[in-house]
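Before any comments, here is the structure.
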Amino acid sequence: MATSATKIVVNALGKAAGGVNAHFTLLVDGQKVGEGTAGTTAKDFVFTPVLTSDVAHKVQIKYDNDAVINGQDRSLTVNSISIGGKTIAPTAGIVSYDKGALDGKDVVAGQSNLWWNGTLVVNADKSYFPTAAAATPAAGTTAKDTIVVNASGTPAGGVNAHFKVLVDGKQIGEGTAGTAAKDFSFTTDVADRVAHKVQIQYDNDAVVNGQDRSLTVNSISINGHKYAATDSAVSYDKGALDGKDVVAGQKGMWWNGTLVVNAPASDFPAGTTTTPTTPTTPTTPTNPTPTGPAFYVATNGKDSWSGKLAAPNADGTDGPFATLQKAQLAMRADPNIDTTYIRGGDYRQNGLWLDGQDSGVHFVGYGSEKAVIHGGSNATVSFGLGGAKNVTIEGLTFADGVVGGHYVYADNAAGLTFANNVIKGGGYGITVQNSANSKVTGNQFDNTGAESIFVKAGSNATLVSDNLIRHPNAADRGDAGIWINGSSDVKVTHNQIENSPEKAIAVGSVQTDGSDAAYRVTISYNKVINANLESNDGGGIYLINRQQDLANHTVINNDVSGTTATNPSSSVASWGIYLDDWTSGTTVKGNVVHDNIGGVFLHGGWNNTVTENVIAGNSGAQIGLQQDVAWSGWKGHTMTSNDISGNVIDVREGTAVHIYGPANVGNLHNNFYSSLNTAEKEFDAWPQVMSSGAWGTLSNWQAAGYDKGSVILNPAFVNPGADDFSLASNSPVYGMGFDHIPFSDIGLLHA
Numbered sequence: 001m002a003t004s005a006t007k008i009v010v011n012a013l014g015k016a017a018g019g020v021n022a023h024f025t026l027l028v029d030g031q032k033v034g035e036g037t038a039g040t041t042a043k044d045f046v047f048t049p050v051l052t053s054d055v056a057h058k059v060q061i062k063y064d065n066d067a068v069i070n071g072q073d074r075s076l077t078v079n080s081i082s083i084g085g086k087t088i089a090p091t092a093g094i095v096s097y098d099k100g101a102l103d104g105k106d107v108v109a110g111q112s113n114l115w116w117n118g119t120l121v122v123n124a125d126k127s128y129f130p131t132a133a134a135a136t137p138a139a140g141t142t143a144k145d146t147i148v149v150n151a152s153g154t155p156a157g158g159v160n161a162h163f164k165v166l167v168d169g170k171q172i173g174e175g176t177a178g179t180a181a182k183d184f185s186f187t188t189d190v191a192d193r194v195a196h197k198v199q200i201q202y203d204n205d206a207v208v209n210g211q212d213r214s215l216t217v218n219s220i221s222i223n224g225h226k227y228a229a230t231d232s233a234v235s236y237d238k239g240a241l242d243g244k245d246v247v248a249g250q251k252g253m254w255w256n257g258t259l260v261v262n263a264p265a266s267d268f269p270a271g272t273t274t275t276p277t278t279p280t281t282p283t284t285p286t287n288p289t290p291t292g293p294a295f296y297v298a299t300n301g302k303d304s305w306s307g308k309l310a311a312p313n314a315d316g317t318d319g320p321f322a323t324l325q326k327a328q329l330a331m332r333a334d335p336n337i338d339t340t341y342i343r344g345g346d347y348r349q350n351g352l353w354l355d356g357q358d359s360g361v362h363f364v365g366y367g368s369e370k371a372v373i374h375g376g377s378n379a380t381v382s383f384g385l386g387g388a389k390n391v392t393i394e395g396l397t398f399a400d401g402v403v404g405g406h407y408v409y410a411d412n413a414a415g416l417t418f419a420n421n422v423i424k425g426g427g428y429g430i431t432v433q434n435s436a437n438s439k440v441t442g443n444q445f446d447n448t449g450a451e452s453i454f455v456k457a458g459s460n461a462t463l464v465s466d467n468l469i470r471h472p473n474a475a476d477r478g479d480a481g482i483w484i485n486g487s488s489d490v491k492v493t494h495n496q497i498e499n500s501p502e503k504a505i506a507v508g509s510v511q512t513d514g515s516d517a518a519y520r521v522t523i524s525y526n527k528v529i530n531a532n533l534e535s536n537d538g539g540g541i542y543l544i545n546r547q548q549d550l551a552n553h554t555v556i557n558n559d560v561s562g563t564t565a566t567n568p569s570s571s572v573a574s575w576g577i578y579l580d581d582w583t584s585g586t587t588v589k590g591n592v593v594h595d596n597i598g599g600v601f602l603h604g605g606w607n608n609t610v611t612e613n614v615i616a617g618n619s620g621a622q623i624g625l626q627q628d629v630a631w632s633g634w635k636g637h638t639m640t641s642n643d644i645s646g647n648v649i650d651v652r653e654g655t656a657v658h659i660y661g662p663a664n665v666g667n668l669h670n671n672f673y674s675s676l677n678t679a680e681k682e683f684d685a686w687p688q689v690m691s692s693g694a695w696g697t698l699s700n701w702q703a704a705g706y707d708k709g710s711v712i713l714n715p716a717f718v719n720p721g722a723d724d725f726s727l728a729s730n731s732p733v734y735g736m737g738f739d740h741i742p743f744s745d746i747g748l749l750h751a
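Sequential numbering of the sequence shown, starting at 1, is according to the UniProt record's numbering.
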């Protein structure tokens, strides 16, 4: 039967009790499709489930946490329900209220205020769920053009990523992508021997309870001609399809927007009937093939030439430039040329500085040729950008830089792109400061002297994605491979960081006045291997929050292993994921934290959520909480309201949980313990001791009020002997509310 994505909007608010807001689950025909938590201000909760078309469905809003606490009566108010654009009042004739269990036994007329646990049921007939209209071939023709989109997605709130396929702005179909990549095939009939725009429009981006929904497009095939999402013919129009915020095509769509394939006329020959080809694994992106007007720089060039030829002509009278400085001046002088291609070879020259006159320019490696920009004592910065906007530096190799210098340094810029570069040795790799909406993607870093990627103050909404970083901080031995400081709404995703002397990824403020505060940073799908090699205090993923407020970061679906210390046998603070110095309001979800010294640590923060992680095989405590923060003798906000639940905690090595502080520093409940010896004292708490003292067994621990609802089970790891702590498809935790972790999606996009 035909299916289509149906937009369901619940407008609701609630009254809290005991500091907890009203919670509801949205079901369709008894199957959960999402959930929401309603505050005191009414808001729209939007869901987009894929449902069978042209049949009736029951849309159910299930209020499930009614309570009265200290005289406060928690309740949920539903103002309206919209299905497919049709708004229904909760008192309409097609709505009923099934009090208590959803069993049809205590049913009354629908009402707006839900004073008790129960379910509003909307008996929506088939008119609310029409079959999605598809493009119809003109009379006398057949649909002969085939478009195949290979895609997968990351769900949020139980809802998968949804996309539409358009040709020249007209929808021809839609799809909903699960976590496994698959082909979505569409047919249409468009004009032959004419170029067309094929558009994949991702339209339901959201972050729900720490889950960041996204769409990954592996390839688009048009009548058998396959395009990778990163091909030069593909662009990404963020937000509305309006041509205003267009960047190079990319595989991961982290925001609503449209991938646009500018398909030539040759993709649409007359009478096309093509069988889709089997998708292949995308390869590492290469530099774009030179197209359009451009200047060229080559080691055999001359600055007296026009620079418009890629190689010297036969009689040696014209050819490429010899220096980047000359190409910069030429692009300033010619408003029709904004790209310089750099041919293979070694370039040893003073650093290049770009300012506002250079906005919009591109310095790009030439095809597969290797252009190496060498640093030196006369160039502490190889590429400097001050005031330049929307500059691209792509496909170059940087080497031999000054230890205290920067290969790329941007300040007071914006919209910058640094992609597919190779950076070796030297000092800092790529630093952006006061440069919002920039992108550092697909680069490789090896033995940079300081941070490989440094996102400093004022670089909000920067994307750091798909970078391979090996041996960062090789000279200064401090800080992190990727360091986010003083910038908010940054996304750090799909990177791999190996062999860091200290932290691999660090986020947050070190100043107590908040002058370098960072908020709402997302760290997702990264792989961290062997961090903290030369420190006794640090972490693989490390967050710090000395300004003491709610930072609201998200750490989701990362793999962290091998975080150790200079002297692992001494007293150390070394953790796979480390929320240090009052980091608060942060969600840590769906991570695999294994074979470190410590697993996950909360130090002094509040309102953090640690849920549905796999924490296994760490040699110290799997989870730690410590209230006492004594930085320069100063102590601050009380540690409270941290929720640690639904985690798989394997204690084949080390101990289970360590708490230094009163019992209310964290609420541990409903966790899944494995490899736990119930006769051993694997839990410790001080000063809130158990009947057995500071150390106790699971039964002592639970008798003291910790870990209510937690159980011991075999989570069915795939191959724990080989440190593979991914969960088999038949893991029992999946039937107990544990979300699937997309193990295969963690790490580099082009591995």
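Here a beta-carbon is modelled for each residue, glycine too, at the ideal position from N, C-alpha and C.
Contact set for residue i: own chain, Cβ-Cβ below 6 angstroms, skip 5 residues either direction
i, result
"Ser726", "Val718, Phe743"
"Ser306", "Asp318"
"Lys589", "Gly210, Ile556, Thr611, Glu612"
"Ala206", "Ala156, Arg213"
"Met1", "Interpretation of Met1 is limited by its pLDDT of 47, a score under 50 that renders its predicted location unreliable; no figure is taken from the coordinates."
"Arg652", "Gly617, Ser675"
"Phe184", "Val149, Gly175"
"Ala461", "Ala436, Asn437, Asp489"
"Thr417", "Thr392, Lys439"
Nearest candidate by alpha-carbon position, reference residue i, set the options
i, options, result
"Gly100", "Ala679, Arg74, Lys62, Lys370", "Lys62"
"Gln433", "Glu451, Ser459, Ser452", "Ser459"
"Asn495", "Thr431, Val560, Ala124", "Val560"
"Met236", "Lys251, His196, Tyr227", "The question names Met, but residue 236 in the sequence shown is Tyr. Closest option to Tyr236, Cα to Cα, is Lys251."
"Val297", "His162, Thr340, Ala228, Asn256", "Thr340"
"Val422", "Gly415, Ile430, Leu416", "Ile430"
"His406", "Arg652, Asp44, Tyr428, Ile623", "Tyr428"
"Gly646", "Ile712, Tyr525, Thr6", "Ile712"
"Ala371", "Asp358, Gln349, Gly360, Ile342", "Ile342"
"Ile541", "Tyr578, Trp695, Val364", "Tyr578"
"Lys527", "Gly415, Gly747, Gly18, Met736", "Gly747"
"His594", "Ile649, Asn545, Ala551", "Ile649"
"Asp513", "Gly636, Asn11, Arg193", "Gly636"
"Gly598", "Ala450, Thr564, Phe454", "Thr564"
"Gly351", "Ala506, Ala457, Val381", "Val381"
"Pro662", "Thr678, Asn443, Ser641, His669", "Ser641"
"Ser569", "Lys681, Lys105, Asn596", "Asn596"
Residues bridged to residue i [DSSP beta-bridge criterion]
i, result
"Thr77", "Leu13, Asn113"
"Asp346", "Val372"
"His471", "DSSP output for His471 lists no bridge partner at all."
"Phe47", "Ile8"
"His57", "Ala124"
"Thr498", "The question names Thr, yet the displayed sequence has Glu at residue 498. Answer is Arg470, Ile529."
"Val492", "Val464, Ile523"
"Phe601", "Tyr578, Gly624"
Any non-hydrogen atom of the ligand NAP closer than 7 angstroms to residue i Cβ
i, result
"Thr40", "Looking for the ligand NAP in the displayed structure turns up nothing, as the structure carries no ligands at all."
Buried or exposed (CB count within 10 angstroms, at least 16 for buried), residue i
i, result
"Lys503", "buried"
"residue 810", "The chain is shown only over 1 to 751; residue 810 falls outside these bounds and no answer can be derived."
"Leu324", "buried"
"Lys326", "buried"
"Asp684", "buried"
"Ser266", "exposed"
"Gln511", "exposed"
"Ser729", "exposed"
"Val521", "buried"
"Pro687", "exposed"
Own chain residues within Cβ distance below 8 angstroms of residue i, not counting five before or after
i, result
"Gly178", "Ser152, Gly153, Pro155, Asn160"
"Pro732", "Leu713, Asn714, Pro715, Ala716"
"Arg348", "His374, Gly376"
"Ala16", "Ala22, Gly39, Thr40, Gln72, Arg74"
**OP:** Scan the segment 670-701 and note each continuous beta strand (DSSP E) run of 3 residues or more that stays entirely inside, going in chain order.
**Re:** 672-674, 683-687
**OP:** Pick out the complete alpha helix (DSSP H) segments inside the segment 290-360, 4 residues or longer, and give them in chain order.
**Re:** 324-333
Subject >> Complete runs of the beta strand (DSSP E) confined to the segment 211-259 [at least 3 residues] >> reply: 214-222, 225-228, 234-238, 246-248
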